[in-house]
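Participant:
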Amino acid sequence: MTRARLLDLFSGAGGAAVGYHRAGFDVVGVDNRPMPRYPFEFHQADALERLTEHGQEFDAIHASPPC
Numbered sequence: 000m001t002r003a004r005l006l007d008l009f010s011g012a013g014g015a016a017v018g019y020h021r022a023g024f025d026v027v028g029v030d031n032r033p034m035p036r037y038p039f040e041f042h043q044a045d046a047l048e049r050l051t052e053h054g055q056e057f058d059a060i061h062a063s064p065p066c
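If you number the sequence shown the way numbering that gives the first Met the number 0 does, the last residue is 66 and the count never jumps.
1. Nearest to M0 by CA position, among F24, D7, S10 and V17, is which residue?
2. How would you write the range of the beta strand (DSSP E) that R4 sits in, first residue to last?
3. Compare the beta carbon distance of D7 and H53 with 9 Å and say whether it is the shorter of the two.
4. Please say whether R4 and V26 have beta carbons closer to each other than 9 Å?
5. Pull up the distance between the alpha-carbon of D58 and that of R21, whole angstroms please.
Now the structure itself:
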């Protein structure tokens, strides 16, 4: 059985990602700053560019942009 994939944009250190992982998702994080302790696959990149290029590869998308 394959787990659903979630793209975590503006991921920060991964607090929300842990919750999604516990709910059954494989999580991939994206942030424009380095996040060396992000607990899952991580890409340092512009979140909206990554969404445009790879968003269709995911079953769900979560975004928490800074104010």
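Ideal Cβ positions, reconstructed from N, Cα and C, are used throughout, including at glycine.
Facilitator: By the coordinates alone:
1. Sequence index remark: in the sequence shown, residue 0 carries index 1 (1-based). Per the Cα distances, F24.
2. By 1-based counting over the sequence shown, the position of residue 4 is 5. Where R4 is concerned, the enclosing beta strand (DSSP E) stretches over A3 to L8.
3. Taking the sequence shown and counting its residues from 1, the one referred to as residue 7 is at position 8. Taking the sequence shown and counting its residues from 1, the one referred to as residue 53 is at position 54. Contact flag unset, no.
4. The residue labelled residue 26 in the question sits at position 27 within the sequence shown. The residue labelled residue 4 in the question sits at position 5 within the sequence shown. A contact, by the Cβ cut-off of 9 Å.
5. In the sequence shown, the residue the question calls residue 58 occupies position 59. In the sequence shown, the residue the question calls residue 21 occupies position 22. Taking the straight line joining both Cα atoms gives about 16 Å.
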